[in-house]
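Sequences listed follow chains A and B, in order.
For what it's worth, this note's numbering labels the leading residue of the first sequence as 10, then goes sequentially.
For what it's worth, this note's numbering labels the leading residue of the second sequence as 1089, then goes sequentially.
Note that the Cβ used here is the ideal one computed from N, Cα and C, for glycine as well.
Treat the numbers as computed from the prediction; the structure is a model and nothing was measured.
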Amino acid sequence: MNTELCTIKGTREGLVITIRDATQFGEVLRSLERQLLASQSFFRGSSAKLYLQQGVLTEGQMDDIESLIADYGMRLNREPLNAPLHRPVDESIVEDAKDVQEDNTLLVRRTIRSGQRLHYDGNVVVMGDVNPGAEIICTGDILVLGSLRGVAHAGAEGKVDATVFAFRLEPTQLRIAHVISRAPDEKLPQPEGPEIARVVENSIQLSVYNH
Amino acid sequence: MGKVIVITSGKGGVGKTTTTANLGTGLAAAGQKVCLVDTDIGLRNLDVVLGLENRIVYDLLDVVEGNCRVRQALIKDKHFGESLVLLPAAQTREKDAVSPEQMVELMAQLKEEYDFIILDSPAGIEHGFKNAIAGADQAIVVTTPEISAVRDADRIIGLLEAAELYDPQLIINRVRPDMVRKGDMMDIDDIDDILAISILGVIPDDQDIIVSTNRGETVVMDKKSRPGQAYRNVVRRILGEEVPFMDLQERKIMHWFKRILSGEAQ
């Protein structure tokens, strides 16, 4: 799905730059720069740790990464990661607390505009709109307390029971796990109220939210 | 100390240059000292719209490269002289010939002398756009009631916020009330719904604009023109006045009737 050699994600330990294969360092740097460019100054002011899936980095290569992300207002935290990114889930806990989500949740208190892309490991709550041309991709659920008119991808790492909720759910495209649906080409009547999207029998269904 | 306002849009052809020329002229007519700066290096046309093309000797690049002093490059307007000047863009160079730092420095210099510095930004989001916003205190985003223009305006608002230029204001240009009424054109509410920033003005589409542009005049000085009136209202809002929005739906004849009824036009 993702062919980039490195990814930037928010995790329990803050921002983590995951490098798939450090032996192709030149390509890693280019991949990193592409994503920093795409994210605009979304990460400005934050510090990031490195997570290597394969290979090692020399001090000089670390310096290269540090100076690249410094151009985008980020700092490099050279401390090692405390825990592996994907903690094996303890089954017994899941049984005990079925309704409690283990994932992180990111709260975004602004409108996400065209050209802005948000990638997060966990759930995302947007207090604002997601405009056409904007993208939210996360591994958990997406809640938009406003209009969702851009692209939303919930459960991006295969969580089929992820949902997308919005006060006005009029997305350009919706993806949940591996299922993709798009808005019909003809104009639809505007939704009357909050709606929620979920996967039912391998396709995405929208329904009025009443709880 | 003056204020630097950048006029920008993302999409080309929505009326940035026309807006810059009209707001500049309007502000000068309201007694302000105004300097217009064309930052569209390589594709300048603010000078043409103002009818000043034949007076250009030095340009913005000559100033930042130190080939001349700022004063030498400033061209006085035909009607307002010293209180409306233009710093033209270079036509024969590339946009990256100027750096954002140089722009910041130039703006600081112009602010000493002028009440308003209005920057006409190039279309796009690349180097030229970054130069234009570098020294700005405030941004005005111009859009038209088309999906593509609104989308680009949204992108620009995001980029302005990222560059710490907060609370941009919106001018919606080329609105055709007849088409809006028939549901063939996005209306103001549709645009406001997506962009959600404060609206500084709504300019009706009118052939006056094309006529005046081709003559090298500005519509804002034409007392009878509808877009001229809309631009004058924008100028008053920039100067801090509260001006109600024009009723675009109202036809001229109705307007005239109302004035008779209220006893104004005797």
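For residue j and residue i, the rounded distance between their alpha carbons
{"i": "residue 1124 of chain B", "j": "residue 1237 of chain B", "result": "24 Å"}
{"i": "residue 80 of chain A", "j": "residue 20 of chain A", "result": "22 Å"}
{"i": "residue 1133 of chain B", "j": "residue 190 of chain A", "result": "45 Å"}
{"i": "residue 1093 of chain B", "j": "residue 174 of chain A", "result": "39 Å"}
{"i": "residue 1110 of chain B", "j": "residue 207 of chain A", "result": "51 Å"}
{"i": "residue 1215 of chain B", "j": "residue 214 of chain A", "result": "43 Å"}
{"i": "residue 1097 of chain B", "j": "residue 1247 of chain B", "result": "11 Å"}
{"i": "residue 151 of chain A", "j": "residue 1308 of chain B", "result": "48 Å"}
{"i": "residue 1150 of chain B", "j": "residue 1186 of chain B", "result": "10 Å"}
{"i": "residue 64 of chain A", "j": "residue 1181 of chain B", "result": "46 Å"}
{"i": "residue 1227 of chain B", "j": "residue 1221 of chain B", "result": "8 Å"}
{"i": "residue 140 of chain A", "j": "residue 17 of chain A", "result": "22 Å"}
{"i": "residue 1279 of chain B", "j": "residue 143 of chain A", "result": "16 Å"}
{"i": "residue 1333 of chain B", "j": "residue 204 of chain A", "result": "35 Å"}
{"i": "residue 14 of chain A", "j": "residue 1288 of chain B", "result": "45 Å"}
{"i": "residue 209 of chain A", "j": "residue 199 of chain A", "result": "22 Å"}
{"i": "residue 33 of chain A", "j": "residue 1159 of chain B", "result": "54 Å"}
{"i": "residue 1091 of chain B", "j": "residue 159 of chain A", "result": "35 Å"}
{"i": "residue 1329 of chain B", "j": "residue 147 of chain A", "result": "46 Å"}
{"i": "residue 1259 of chain B", "j": "residue 1277 of chain B", "result": "13 Å"}
{"i": "residue 1312 of chain B", "j": "residue 1275 of chain B", "result": "25 Å"}
{"i": "residue 121 of chain A", "j": "residue 1253 of chain B", "result": "16 Å"}
{"i": "residue 128 of chain A", "j": "residue 1285 of chain B", "result": "25 Å"}
{"i": "residue 1304 of chain B", "j": "residue 1145 of chain B", "result": "19 Å"}
Cβ separation of residue i and residue j, assumed to be a contact under 8 Å, to the nearest whole Å
{"i": "residue 133 of chain A", "j": "residue 115 of chain A", "result": "5 Å"}
{"i": "residue 1208 of chain B", "j": "residue 1291 of chain B", "result": "Residue 1208 of chain B to residue 1291 of chain B, Cβ: 16 Å. No contact."}
{"i": "residue 124 of chain A", "j": "residue 1243 of chain B", "result": "4 Å"}
{"i": "residue 28 of chain A", "j": "residue 77 of chain A", "result": "Not quite, the Cβ-Cβ distance comes to about 13 Å (not below 8 Å), so this is no contact."}
{"i": "residue 1162 of chain B", "j": "residue 1138 of chain B", "result": "Not a contact, Cβ separation roughly 13 Å."}
{"i": "residue 1147 of chain B", "j": "residue 1178 of chain B", "result": "4 Å"}
{"i": "residue 41 of chain A", "j": "residue 74 of chain A", "result": "7 Å"}
Strand pairing of residue i, partner residues [DSSP]
{"i": "residue 1163 of chain B", "result": "B/1174"}
{"i": "residue 174 of chain A", "result": "A/152, A/205"}
{"i": "residue 189 of chain A", "result": "A/184"}
{"i": "residue 58 of chain A", "result": "A/25, A/86"}
{"i": "residue 129 of chain A", "result": "A/147"}
{"i": "residue 212 of chain A", "result": "A/209"}
{"i": "residue 1126 of chain B", "result": "B/1208"}
{"i": "residue 1091 of chain B", "result": "B/1204"}
{"i": "residue 1289 of chain B", "result": "B/1259"}
{"i": "residue 115 of chain A", "result": "A/133"}
{"i": "residue 70 of chain A", "result": "Its beta-bridge partners do not exist; DSSP assigns none."}
{"i": "residue 1080 of chain B", "result": "No information on residue 1080 of chain B is available, as it lies outside the stretch 1089 to 1354 that chain B covers here."}
{"i": "residue 163 of chain A", "result": "A/185"}
{"i": "residue 15 of chain A", "result": "A/28"}
{"i": "residue 157 of chain A", "result": "A/139, A/178"}
Cβ-based neighbour list, residue i, same chain, cut-off 7 Å, excluding 5 preceding and 5 following
{"i": "residue 1141 of chain B", "result": "1135"}
{"i": "residue 87 of chain A", "result": "71"}
{"i": "residue 1306 of chain B", "result": "1109, 1110, 1113, 1300"}
{"i": "residue 1385 of chain B", "result": "There is no way to answer for residue 1385 of chain B, as the model of chain B reaches only from 1089 to 1354."}
{"i": "residue 1314 of chain B", "result": "1292, 1294"}
{"i": "residue 1320 of chain B", "result": "1114, 1308"}
{"i": "residue 1190 of chain B", "result": "1152"}
{"i": "residue 1283 of chain B", "result": "1238, 1241, 1242, 1245, 1258"}
{"i": "residue 1031 of chain B", "result": "Missing from the structure shown is residue 1031 of chain B; chain B here goes from 1089 to 1354 and no further."}
Contacts around residue i, its chain only, beta-carbon distance under 8 Å, and the 5 residues preceding and following it disregarded
{"i": "residue 1089 of chain B", "result": "1199, 1200"}
{"i": "residue 202 of chain A", "result": "176, 217, 218"}
{"i": "residue 136 of chain A", "result": "116, 117, 118, 119, 154, 155"}
{"i": "residue 1104 of chain B", "result": "1095, 1096, 1097, 1208, 1209, 1211, 1230"}
{"i": "residue 1310 of chain B", "result": "1296, 1300, 1316"}
{"i": "residue 57 of chain A", "result": "17, 23, 24, 25, 26, 78, 83, 84, 85, 86"}
{"i": "residue 172 of chain A", "result": "150, 151, 163, 185, 205, 206, 207"}
{"i": "residue 54 of chain A", "result": "82, 83"}
Cβ-based neighbour list, residue i, same chain, cut-off 6 Å, excluding 5 preceding and 5 following
{"i": "residue 66 of chain A", "result": "31"}
{"i": "residue 1165 of chain B", "result": "1172"}
{"i": "residue 1232 of chain B", "result": "1102, 1261, 1262"}
{"i": "residue 1121 of chain B", "result": "1171, 1202, 1203"}
{"i": "residue 37 of chain A", "result": "14, 15, 28"}
{"i": "residue 1184 of chain B", "result": "1215"}
{"i": "residue 1255 of chain B", "result": "none"}
{"i": "residue 180 of chain A", "result": "157, 161"}
{"i": "residue 1168 of chain B", "result": "1116"}
(message) Under 9 Å, CB to CB, which of the residues in the region 1166-1190 of chain B have a partner in chain A?
(response) none
(request) Mind checking the region 51-72 of chain A against chain B and listing, in chain order, the residues whose C-beta falls within less than 9 Å of any C-beta there? (result) Residues passing the 9 Å Cβ filter: 51, 53.
(message) Along the region 1230-1246 of chain B, where does the CB come closer than 7 Å to a CB of chain A? Name the residues.
(response) 1239, 1242, 1243, 1245, 1246
(message) Please identify, using Cβ separations under 7 Å, the residues of the region 1274-1294 of chain B that lie next to chain A, in order along the chain.
(response) 1282, 1284
(request) Can you give me, in chain order, the residues of the region 110-128 of chain A that have a beta carbon less than 7 Å from any beta carbon in chain B? (result) 120, 122, 123, 124, 125
(request) For the region 140-154 of chain A, enumerate the residues whose C-beta is nearer than 9 Å to any C-beta of chain B, in chain order. (result) Result list: 140, 141, 142, 143.
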